[in-house]
Structure formats: structure tokens, C-alpha cells
């Protein structure tokens, strides 16, 4: 198996080469498989132009080089590269995907029920990872919810409240921040199974909705770990220092370098529902 990856002198110029996951292991770095295949809408952040990798792919490869923590193999061929055999070469899987991916059922079941539950393994889902396998319960049970529209489009500037400022992937954002990005709302949302890390501050957002809109969360999955961040629609997000530092924090959490408990917090989601309902009602007066 050979994957295409980028050696970048900067985030503008990209050259596609081949890379061995076994070499990555020899260097003692975390090995990441980043799947950016779209079987639905293709976001600009993962759209490749000719022989160049996409903005999200370039950003992750460069972040690995800059941090010295990890290396990334990027693929848009799930059928060839997302297999039981190839997963043995990796510690973390990243998804920026859409739709029903062409992964064999046996390989997907192995990923969800075996590989991901192993100590030291983790899943990081960006943006439309929740717009993937929406009708496949084992997947959305793992990831925590599935896409159900985005009233806050790519041009909206939203205000986000960070609930767990001590979590490694949340420290870069502080207690509250604003960002221009597309934010999803969810169905199949399971607050009783996740640790919500940040949500829209509905009192400061337009449009307003009478329910919580989580933006990032984390959960244990067996002995493995799951981290999801809705951000990443806009290519500019992939040059945002806080966002990139957040990715580093998530990777350190999965590696065990930055331990943090992620107890489920459905009571927080209930309070956020109440706040959102109150904000919506006040706006209607």
C-alpha cells in the first residue's frame, strides 16, 4: 500500500510524494491516517486541485512537521486504504468526509469494535465527519450525532462558549471566542454519551435556535478516545492558530501526554437547551 502525502516548505507550495508508515513508527511519532474522501458534498477544505493536496491536508502535514509529534498519510481512497491490514500502521484516524464511504463492512466493523477500542488509538472527526454514515447507527453511535442542517453558514460569525477550558484541545480558545465558520446542528444527538466541550452561545448568535448546538465534544470508546470538532468548513479555519493548537491538544490527549477525564455531562446540555430557548424567546419580543 502506498499513500500520497505532501512535503511542504510552506502551506502554499505542495509536492506529492510517497511515504512509509513503517518509517514513521521507527521515528517514534504518532502515525495518523487522514481520510478526506467525499461521497456527497465536497468541501473546499478537502478539495484537491490537480496534483496538490487540499488545505486541510496541507495544514495537518505541516502541523505534524512543526510540532514533531506526528506524521500524516492523506488518502481519498477509503476502499484501498481503510482496511484492517492498513489500520495496523496507525495510531489515530482523522475523518473529514461525507456520505456512505466505500469501506468494506468487515473493515468498518473492525475499526469501530476492535481497533478504535484499543489503548493508544483515537478518532478525530472534523466538520462533516458527522455528515458521514448518517443512516448507519454503529458509526453515529461512535461519533455522537449526525448532521441535520447548518443554519449558521460559512459567512456567519458565531460566538462559542467553551465549557471545559482545562481540556487540552480547548485551552487555546479560552472561555469564549468568535469565529467565521459553518456550524452544524444535529440529529441522533446523544448528550448522555459524550462530554460536551463547547457550544454556540445562542444569546450572541444569529440565527437563534431554542436548543443547544454543541460544537465540540469528546468521549472514551473502550480504551480508545474520540474527539469531534464541528469547525473546519472554511479553508481559513485551517490557518487559525487556535484551531491548529486545539488539534495538537486533541492528539496529546489521545497519546496520553495530556490526560483529561471526559465524564458524560448531559446536565450541561439540558442547561444549554434552557439558555437557548430563553434567548430565542427574548429575540422574538
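In this note's numbering, the protein residues as written are 252 to 536. Using N, Cα and C, we set each Cβ at its ideal position, and we do this for glycine too.
In angstroms with no decimal places, state the Cα-to-Cα distance between residue 368 and residue 360. 12 Å
Would you tell me roughly how many angstroms separate the C-alpha atoms of residue 375 and residue 533, rounded to the nearest one? 36 Å
Taking the DSSP output, what are the residues bridged to residue 434? Paired residue(s): 403.
Cα-Cα separation, residue 522 to residue 340: If you draw a straight line from the Cα of residue 522 to the Cα of residue 340, it comes to about 42 Å.
On the CB-based measure, 16 or more other CB atoms within 10 Å of its CB, does residue 347 come out buried or exposed? Residue 347 comes out buried.
Coarse secondary structure for residue 414, derived from DSSP in three states: coil
Count Cβ pairs between the region 496 to 505 and the region 434 to 443 that sit closer than 8 Å; are there 3 or more? no
Anyone know if the C-beta pair for residue 320 and residue 370 falls short of 8 Å? no
Residue 408 burial status per 10 Å Cβ neighbour count (16 or more: buried): exposed
Kindly list the residues whose CB is nearer than 6 Å to the CB of residue 335, restricted to its own chain and excluding five residues on each side of it in sequence; keep chain order. 358, 361
Considering only their Cβ atoms, is the gap separating residue 398 from residue 386 smaller than 8 Å? Taking 8 Å as the Cβ cut-off, residue 386 and residue 398 do not qualify as a contacting pair.
Okay, do the region 303 to 314 and the region 389 to 405 touch, 3+ Cβ pairs below 8 Å being the bar? no
Per DSSP, residue 303 forms a beta bridge with which residues? 300
For residue 453 versus residue 467, is the C-beta distance shorter than 8 Å? no
Could you tell me how far apart the beta carbons of residue 436 and residue 406 are, in whole angstroms, since I believe they sit closer than 8 Å? The pair is not a contact, with the Cβ atoms about 17 Å apart (cut-off 8 Å).
Enumerate in chain order the residues of its own chain whose CB-to-CB distance from residue 433 is below 6 Å, with the five nearest sequence positions on each side excluded. 401, 404, 405, 484
Under 8 Å between the Cβ atoms of residue 214 and residue 351? With the chain covering only 252 through 536, there is no way to say anything about residue 214.
Cβ neighbours of residue 457 in the same chain (closer than 6 Å, five flanking residues each side left out): Answer for residue 457: no residue qualifies.
Since residue 291 contacts residue 382 with CB under 8 Å, what's their CB separation in whole angstroms? 7 Å
Straight-line Cα distance separating residue 451 from residue 464: 6 Å
C-alpha distance - residue 297 paired with residue 535, whole-angstrom precision: 38 Å
Around the C-beta of residue 355, are 16 or more other C-beta atoms found within 10 angstroms, so that it is buried, or is it exposed? exposed
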